[in-house]
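Numbering (the numbering used here), first residue to last: 6 to 165.
Take a look at the structure set out below.
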């Protein structure tokens, strides 16, 4: 778990030990609503030990190939979180996340099936591309939107 994950986990902890006695340091936090059906996002929250419930976002993504990838993932993460915020009640945090891949200034959408995935891998082979992820943590009182960009270089593919 990275430093950021440790800080998030610590921030959500509600009990501390003082001289051997257990004391409540903050009111209990309702489980996070994860506005995603992604198994990978679920696994990350499980690794962090955060209580959460999965809700499918009520948000339709549009990925224009010429869009700015940072703006796009931030917009999608915010849209996903806000689309299910009404399910959480007044105090429940909602997490929306989006990730995209861009190469040569073009956003690559989610591949359609095996053939689409093969085409995408061939396009990325032997080249460097960007993987951009946006995150929105939303509550009725506040909202935080962040992003992270990573350069990834694939090796050339071996012929079949």
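Virtual Cβ for every residue (Gly too), placed ideally from N, Cα, C.
Environment of residue i [buried if 16+ CB atoms lie within 10 Å]
| i | result |
| --- | --- |
| residue 115 | exposed |
| residue 143 | buried |
| residue 130 | exposed |
| residue 124 | exposed |
| residue 126 | exposed |
| residue 6 | Any reading at residue 6 needs caution, since the residue's pLDDT is 44, under 50, leaving its predicted position unreliable; the model's value is listed next. With fewer than 16 Cβ atoms within 10 Å of its Cβ, residue 6 is classed as exposed. |
| residue 50 | buried |
| residue 62 | buried |
| residue 165 | exposed |
Whole-Å CB distance - residue i paired with residue j, under 8 Å assumed
| i | j | result |
| --- | --- | --- |
| residue 68 | residue 77 | 7 Å |
| residue 39 | residue 58 | 7 Å |
| residue 153 | residue 138 | 5 Å |
| residue 4 | residue 104 | An answer regarding residue 4 cannot be provided, because it is not within the stretch 6 to 165 covered by the chain. |
Segment limits, beta strand (DSSP E) that includes residue i
| i | result |
| --- | --- |
| residue 103 | 99 to 108 |
| residue 156 | 148 to 158 |
| residue 129 | Per DSSP, residue 129 belongs to no beta strand (DSSP E); it is in the alpha helix (DSSP H), 118 to 129. |
| residue 169 | Since the first residue shown for the chain is 6 and the last is 165, residue 169 is missing from the structure and cannot be characterised. |
| residue 40 | 37 to 40 |
7 Å Cβ cutoff met for residue i and residue j
| i | j | result |
| --- | --- | --- |
| residue 46 | residue 150 | no |
| residue 134 | residue 157 | yes |
| residue 86 | residue 75 | no |
| residue 53 | residue 37 | no |
Limits of the unbroken alpha helix (DSSP H) element including residue i
| i | result |
| --- | --- |
| residue 138 | Run containing residue 138: none in the alpha helix (DSSP H); it sits in the beta strand (DSSP E), 133 to 143. |
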